[in-house]
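As structure tokens, the structure follows; a few thoughts come after it.
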């Protein structure tokens, strides 16, 4: 068990001495002429809760199914705990999967569903009973052992599926959109429980999801996938704050992208000339690129200040016109346009319950941000 | 208001009309003939036209009803009838099991085939129905007889030197029944198996079950409704089967269908023939009714 990751402190992926637990090496999967997974390489470490995040059809589920053994890679190699998995059928793998549809056996009671894996392993009857009872209490289903799946609510079924997948104490647990069918409140609650269970058992989790909020909440690290390729791998913080491409910046959270070219490149700062803003944008960190190279400045809405008049100390200041204000409760989103016609999204926390002096649609304002607030992406 | 009342009335009437169609059909073509049959079964046999006496007569203000249960009693006295019933049940049961053993893998393969090939395979299963049932059974005579196709082939290839006696044996009857009723086994099995969620099979494999274990613990229990439906569709008509044993069976093949035919047409004893038919109906309906009750109870408890 790796309590270190469980406590969410250590970063084994930064430690060259730690061998990855799951290695995906140049894996490609084609269905006929369609490439579902394209040359993916990925290392996942023991005790991680890794999220594969992407839209539908991006290949994340196919990748997961290859880990479980339901699909065979067209080329490439998958190693689990140092062991090459090619040719190993699902029933001989020390991995378990929680299916998106839960795939509970409809003709078996909750208890029999959960015990299924242990019985296949030839575990003695008395031990099966104890472990099923343990599992039932871990997923808080005590007293429902005799029910059939169709007598359970969606949330309860999801717990049975989780218990059934966990009972064999697999080395690797795969979860395919585990919380997709639950409503928002239940989902948030279950996310916390899932993390708690994962920390208690120390099993390595690989979760497939299309919900970026879910990926951010759950994962130690996440991989953003599109069109069969992994675009970026990192902690939720890294991926959100340091996206490496326009796609990742745009996929995770919302973002303003200002297209432009590198105008000045210095040791500790750079300037980007952007027709979108009609100005030179100051970026107060060095960038890797050559003068004139096309880049985009990615800027999150919450990192932009909006005032009727901004102090002149703000590095990047632009005049803008408020088109629309969306009140979201916890924050307000201002849709503004620059004189160049470029729309920009700015969000602000609503600190006051009501503000008579609030900026309204139609007003001329200034927006601005610090040189460190933005990220320059080249891809 | 009045319009709504009219609409409500129409809805109720409409529903009644929809239910009425099958009810009238069943009444006309099942219940009525059954009542006639029951009436004949309790009447007295005579040499006349029709060959039985009416069960009541009206004379001088007195209604005389005479119900003759001697026909049923007669069935218990002659062991021929019991043996024929048992023979039919055995024939039907064995054929059903064989049809299940052959039909299940076929249904499974069709259900697991890629969806564009499934319809072609299903059509191949149903295709024989385009030829009359009687003709297809006749065709088997040509194949199975002493100097028929099968013996010719076996002798030409040198596997046997004397023609085998296949026609007019129980084997030929089994062959005929299984061949004729196999589609009725395959179709309900297919429709159950095609609905089986593939994720369940994957979940089973994922939890450590080898393919055979998955089949026994997941696929087979979940296809029980299809097995029951298919078995009933083969078993019931096979019990009363007459054409196949008459054409392919021999003198030793004892089935209730032939007995019925003999009583009716050779002996012209309509009352006994009717009694035979009614007993057969009871023998078939009782177990089916029981089966359905346990099934629905099971579903309620599930």
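Protein chains in written order, with the working numbering: chain A, 757 to 1135; chain B, 125 to 426.
Note that CB positions come from ideal geometry on N, CA and C, so glycine has one too.
Rounded straight-line distance, which links the Cα of residue j to that of residue i
{"i": "residue 359 of chain B", "j": "residue 348 of chain B", "result": "16 Å"}
{"i": "residue 369 of chain B", "j": "residue 236 of chain B", "result": "35 Å"}
{"i": "residue 293 of chain B", "j": "residue 272 of chain B", "result": "15 Å"}
{"i": "residue 355 of chain B", "j": "residue 220 of chain B", "result": "6 Å"}
{"i": "residue 857 of chain A", "j": "residue 1019 of chain A", "result": "52 Å"}
{"i": "residue 1060 of chain A", "j": "residue 1087 of chain A", "result": "13 Å"}
{"i": "residue 1097 of chain A", "j": "residue 855 of chain A", "result": "47 Å"}
{"i": "residue 889 of chain A", "j": "residue 898 of chain A", "result": "8 Å"}
{"i": "residue 921 of chain A", "j": "residue 1007 of chain A", "result": "30 Å"}
{"i": "residue 870 of chain A", "j": "residue 211 of chain B", "result": "47 Å"}
{"i": "residue 1041 of chain A", "j": "residue 1026 of chain A", "result": "7 Å"}
{"i": "residue 202 of chain B", "j": "residue 377 of chain B", "result": "17 Å"}
{"i": "residue 1117 of chain A", "j": "residue 1083 of chain A", "result": "12 Å"}
{"i": "residue 970 of chain A", "j": "residue 936 of chain A", "result": "10 Å"}
{"i": "residue 822 of chain A", "j": "residue 419 of chain B", "result": "40 Å"}
{"i": "residue 777 of chain A", "j": "residue 333 of chain B", "result": "25 Å"}
{"i": "residue 991 of chain A", "j": "residue 814 of chain A", "result": "20 Å"}
{"i": "residue 774 of chain A", "j": "residue 924 of chain A", "result": "25 Å"}
{"i": "residue 169 of chain B", "j": "residue 394 of chain B", "result": "7 Å"}
{"i": "residue 1107 of chain A", "j": "residue 1080 of chain A", "result": "19 Å"}
{"i": "residue 802 of chain A", "j": "residue 976 of chain A", "result": "11 Å"}
{"i": "residue 150 of chain B", "j": "residue 361 of chain B", "result": "18 Å"}
{"i": "residue 989 of chain A", "j": "residue 1054 of chain A", "result": "18 Å"}
{"i": "residue 1100 of chain A", "j": "residue 1002 of chain A", "result": "16 Å"}
{"i": "residue 388 of chain B", "j": "residue 230 of chain B", "result": "40 Å"}
{"i": "residue 245 of chain B", "j": "residue 318 of chain B", "result": "13 Å"}
{"i": "residue 760 of chain A", "j": "residue 315 of chain B", "result": "Summary for residue 760 of chain A: the model assigns pLDDT 39, below 50, so the residue's position carries little reliability, and this model does not support an answer."}
{"i": "residue 413 of chain B", "j": "residue 966 of chain A", "result": "51 Å"}
{"i": "residue 1023 of chain A", "j": "residue 769 of chain A", "result": "29 Å"}
{"i": "residue 255 of chain B", "j": "residue 138 of chain B", "result": "39 Å"}
{"i": "residue 849 of chain A", "j": "residue 896 of chain A", "result": "28 Å"}
Closer than 9 Å at the beta carbon, the chain B residues around residue i
{"i": "residue 801 of chain A", "result": "Those do not exist, as residue 801 of chain A stays about 23 Å from chain B at its closest Cβ, beyond 9 Å."}
{"i": "residue 873 of chain A", "result": "330, 331, 332, 333"}
{"i": "residue 994 of chain A", "result": "The premise fails here: residue 994 of chain A is roughly 32 Å from chain B at the closest Cβ pair, so nothing lies under 9 Å."}
{"i": "residue 863 of chain A", "result": "342, 345, 346, 348, 426"}
Interface partners of residue i on chain B, CB under 7 Å
{"i": "residue 824 of chain A", "result": "330"}
{"i": "residue 847 of chain A", "result": "329, 332, 333, 334"}
{"i": "residue 876 of chain A", "result": "331, 332, 333, 337"}
{"i": "residue 853 of chain A", "result": "330"}
Proximity below 8 Å, CB of residue i to CB of residue j
{"i": "residue 832 of chain A", "j": "residue 791 of chain A", "result": "no"}
{"i": "residue 1126 of chain A", "j": "residue 1071 of chain A", "result": "yes"}
{"i": "residue 828 of chain A", "j": "residue 793 of chain A", "result": "no"}
{"i": "residue 930 of chain A", "j": "residue 980 of chain A", "result": "no"}
{"i": "residue 366 of chain B", "j": "residue 390 of chain B", "result": "no"}
{"i": "residue 399 of chain B", "j": "residue 305 of chain B", "result": "no"}
{"i": "residue 379 of chain B", "j": "residue 215 of chain B", "result": "yes"}
{"i": "residue 464 of chain B", "j": "residue 166 of chain B", "result": "Any question about residue 464 of chain B goes unanswered here, given that chain B covers just 125 to 426."}
{"i": "residue 987 of chain A", "j": "residue 1011 of chain A", "result": "no"}
{"i": "residue 309 of chain B", "j": "residue 357 of chain B", "result": "yes"}
{"i": "residue 825 of chain A", "j": "residue 796 of chain A", "result": "no"}
{"i": "residue 982 of chain A", "j": "residue 811 of chain A", "result": "yes"}
{"i": "residue 852 of chain A", "j": "residue 873 of chain A", "result": "yes"}
{"i": "residue 274 of chain B", "j": "residue 267 of chain B", "result": "yes"}
{"i": "residue 808 of chain A", "j": "residue 964 of chain A", "result": "yes"}
{"i": "residue 865 of chain A", "j": "residue 901 of chain A", "result": "yes"}
{"i": "residue 313 of chain B", "j": "residue 228 of chain B", "result": "yes"}
{"i": "residue 1103 of chain A", "j": "residue 1058 of chain A", "result": "yes"}
{"i": "residue 892 of chain A", "j": "residue 910 of chain A", "result": "no"}
{"i": "residue 1122 of chain A", "j": "residue 1076 of chain A", "result": "yes"}
{"i": "residue 934 of chain A", "j": "residue 959 of chain A", "result": "no"}
{"i": "residue 805 of chain A", "j": "residue 932 of chain A", "result": "no"}
Contacts that residue i makes with chain A (C-beta to C-beta distance below 8 Å)
{"i": "residue 321 of chain B", "result": "857, 859"}
Chain B residues whose Cβ lies nearer than 8 Å to that of residue i
{"i": "residue 924 of chain A", "result": "331, 332"}
Cross-chain neighbours of residue i in chain A, by beta carbon under 7 Å
{"i": "residue 324 of chain B", "result": "859, 861"}
(request) Could you run through the region 341-366 of chain B and flag, in chain order, every residue whose CB is less than 7 Å away from some CB of chain A? (result) 342, 345, 346
(request) Could you say if the region 322-332 of chain B and the region 278-298 of chain B meet the contact criterion of at least three C-beta pairs nearer than 8 Å? (result) no
(request) Mind checking the region 173-205 of chain B against chain A and listing, in chain order, the residues whose C-beta falls within less than 9 Å of any C-beta there? (result) none
(request) Flag this pair as touching only if the region 297-310 of chain B and the region 364-384 of chain B have three or more C-beta atom pairs under 8 Å; answer yes or no. (result) yes
(request) Determine contact between the region 401-419 of chain B and the region 169-187 of chain B, defined as no fewer than three beta-carbon pairs at a distance below 8 Å. (result) no
(request) Specify whether the region 877-886 of chain A and the region 934-954 of chain A touch according to this definition: at least 3 beta carbon pairs, one from each stretch, less than 8 Å apart. (result) no
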